[in-house]
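In this note's numbering, the protein residues as written are 927 to 1155.
So the structure is just underneath, and the comments pick up after that.
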Ligand code: 5RP
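Right under this line is the structure:
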């Protein structure tokens, strides 16, 4: 089974948790896009859901494939969000934001009664941090914000480069008009402490640590899909 087939397997398994009439948060990334394609097939056969996309990119794909959408302001309480992740551990702590949509992803997941993560086995780690931690920051004072992040990280014994994510000739801009700093901390033994410290820095809009948000993950491997709860 190649990487794409595993993403499809995870998406298929998660689709079983989507019920007719649900208000559904729809994630961002290549795994979430496989989910959107399968969801669109169900919608075409008469299944009724209303989706709230976590990015402009996901919104475009949903519209192209005929998945009905509303904004989160129109539908502020959701039944379920299905989204990918860059890393997850056995306690369902996640790193997200590789696709740059972490702020909307976190807002949508927080507005949902449940969040199911779809991923392949390569994303499961013992300790978070091999993937660079995305931190969304306001462009105003970004250098001061980066210094503040370095200081709190050092207090927690975390070092490593923190760089502004690039796109083409300039910086990557999120859907909300912010920058992403990618922090190469390596292993993050106390993700809760780091999350709390980052939340307290004014220039940090949001960070990619999703803790206590996912209720289940569907992990696809060569032998099929397994559930992590
Ligand atoms: C986007 C995300 C994605 O869910 C994450 O990057 C996983 O993407 P993929 O399924 O392409 O590996 O957090 O902000």
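Every residue gets a Cβ at the ideal spot worked out from N, C-alpha and C, and that includes glycine.
Predicted, not measured: the structure shown is a model, and the values here were computed from it.
Under the three-state DSSP convention, the category residue i falls into
i	result
residue 1140	coil
residue 957	helix
residue 932	helix
residue 1034	helix
residue 945	coil
residue 1075	helix
residue 1124	helix
residue 976	strand
residue 1050	strand
residue 1152	strand
residue 987	helix
Proximity below 7 Å, CB of residue i to CB of residue j
i	j	result
residue 1012	residue 973	no
residue 1036	residue 951	no
residue 1225	residue 1031	This structure cannot speak to residue 1225, because the chain is shown only from 927 to 1155.
residue 1001	residue 949	yes
residue 955	residue 1025	yes
For residue i: DSSP bridge partner residues
i	result
residue 1133	1061
residue 1020	1014, 1136
residue 1097	1092
residue 1007	951, 1041
Original post:
Counting pairs of Cβ atoms below 8 Å between the region 1118 to 1137 and the region 1044 to 1060, do you hit three or more?
Top reply: Remark: three or more beta-carbon pairs, one from each stretch, lie closer than 8 Å, so the region 1118 to 1137 and the region 1044 to 1060 are flagged as touching.
Subject >> Segment contact flag, the region 1019 to 1038 with the region 927 to 942, C-beta cutoff 8 Å, min 3 pairs >> reply: The region 1019 to 1038 makes no contact with the region 927 to 942, as fewer than three CB pairs between them are under 8 Å.
Original post:
If you pair each beta-carbon of the region 989 to 998 with each one of the region 962 to 979, do three or more pairs fall below 8 Å?
Top reply: The way I'd put it, the region 989 to 998 does touch the region 962 to 979; three or more beta-carbon pairs between them come closer than 8 Å.
**OP:** Inspect the CB distances between the region 1076 to 1091 and the region 1104 to 1122 and report whether three or more fall short of 8 Å.
**Re:** Counting Cβ pairs under 8 Å, three or more are found: they touch.
Original post:
Do the region 1091 to 1108 and the region 1044 to 1051 make contact, defined as three or more Cβ pairs closer than 8 Å?
Top reply: As far as the Cβ criterion goes, the region 1091 to 1108 does not touch the region 1044 to 1051, which means the pair count is below three.
**OP:** Please determine if the region 1061 to 1075 and the region 1100 to 1110 are in contact, where contact requires at least 3 C-beta pairs separated by less than 8 Å.
**Re:** Flag = yes, the region 1061 to 1075 and the region 1100 to 1110 touch.
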